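To keep things clear, I will list the structure first and then write my remarks on it.
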Amino acid sequence: MFPVSDSLPSTIAQLRAVASPLSDFRVLPFGLDQIDGRLGAGGLRAGALHEAAALTASLVDDAATKLFLAGIAAREAQASGGPVLWASCRTDLYAPGLAQAGLPADSVIYAQPRDDAALLAVVEDAVRDGTPSAIVAEASKVSMVATRRLQLVAGEADIPVLLLRRRKARDQDPLAEPSAAWTRWRIGSAPSERLAVQGVGRPRWSVELARQRGGESFSLIVEGSDETGRLAVPAALGHRAAETAGTVRHAAA
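Quick look at the structure:
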């Protein structure tokens, strides 16, 4: 029998610290324990590719997905002080909406390439240039090879690349296609809180993490990004947040 040493870890926390060394990459937290606590690194890996897709083909789910990514980009821009590059082949981006999620117009550089191939080239060049603090891109045709390239350059530059995967067809799931992304999310709209007086309440979203490296999938209801880009858990649902963890409604891609 081995002698007991006073230097041995005496608590579970100490044992975990010994068994799991600190990550060697920068982390971008949501600032919300219900999400950060379920992400393997305690937040998003900053220098990585992260993907999100609308839960359905509806306009409200598409808007929720854009604002979800805008909030992540806004928090990174506030932390680093650099601009955000938003690349899309479409012309439906609503600047006042982005401002309400923490991205004012003077913090965003807009790029409108002619097609998805040109868009991916613009994103890769921008990452290598290093000027943007974060990049948001919208595309429907993205190959596995392209996601590997984006993941690689994002890691080298320590810049988050946030890719909104659009549907090629109305009933097609964008996350059914393989990807090298660090995390993959599905975002949908949810009923807002009923107000005591007539008015518009803070939007609520259904947030589903379909896949993450080094962790499990989960889903929960959150209040949408505020003017600082931060999410919140509705007070009425906060005590039940743990019940939403586990298998999501879609198979992890």
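Its first residue numbered 1, the sequence shown is counted upward by one per residue in my numbering. By construction, the Cβ of each residue, glycine as well, lies at the ideal position given by its N, Cα and C atoms. As the structure is a computational prediction, the values presented were derived from the model and not from experiment.
Assignment of Arg-213 by DSSP, reduced to helix, strand and coil, places it in the coil class. Within the same chain, Cys-89 come within 8 angstroms of Arg-114 by CB-CB distance, once the 5 residues on both sides are set aside. Excluding the 5 residues flanking it on each side, Ser-140 has same chain C-beta neighbours closer than 8 angstroms at Asp-116, Arg-165, Arg-166, Arg-167, Lys-168 and Pro-174, in chain order. With 16 or more neighbouring CB atoms inside 10 Å of its own CB, Phe-30 falls in the buried class.
Gly-130 sits exposed, since fewer than 16 C-beta atoms from the chains shown fall within 10 Å of its C-beta. Following the DSSP letters along the chain, one finds Gly-155 inside the alpha helix (DSSP H) bounded by residues 144-157. Put simply, the backbone Cα of Gly-82 is about 8 angstroms away from that of Ser-107.
Burial state of Glu-156 is exposed, judged by a 10 Å Cβ sphere holding fewer than 16 other Cβ atoms.
Pro-132 and Gln-78 have their C-alpha atoms some 12 angstroms from each other. If you draw a straight line from the Cα of Leu-231 to the Cα of Ala-53, it is about 18 angstroms long.
Per DSSP, Glu-51 is one residue of the beta strand (DSSP E) stretching across 49-54. Residue pairing by DSSP places Ile-221 opposite Ser-206 in a beta bridge. By the CB criterion at 8 angstroms, Leu-162 and Ala-73 fall inside the cutoff. Distance check between Thr-147 and each of Leu-28, Glu-51 and Asp-33 places Glu-51 closest, using alpha-carbon atoms only. Beyond the five residues adjoining it in sequence on each side, Gly-43 comes within less than 6 angstroms, by CB distance, of Val-27, Leu-28, Pro-29 and Asp-36 in the same chain, given in chain order.
By the neighbour-count criterion, in which a residue is buried when 16 or more other Cβ atoms sit within 10 angstroms of its Cβ, Glu-227 is exposed. Where Glu-124 is concerned, the enclosing alpha helix (DSSP H) starts and stops at 116-129.
In the three-state reduction of the DSSP assignment, Arg-186 falls in the strand class, which pools E and B.
One Cα belongs to Ile-109, the other to Val-123, and the distance between them is close to 12 angstroms. For Val-60, the secondary structure class from DSSP, reduced to helix, strand or coil, is helix.
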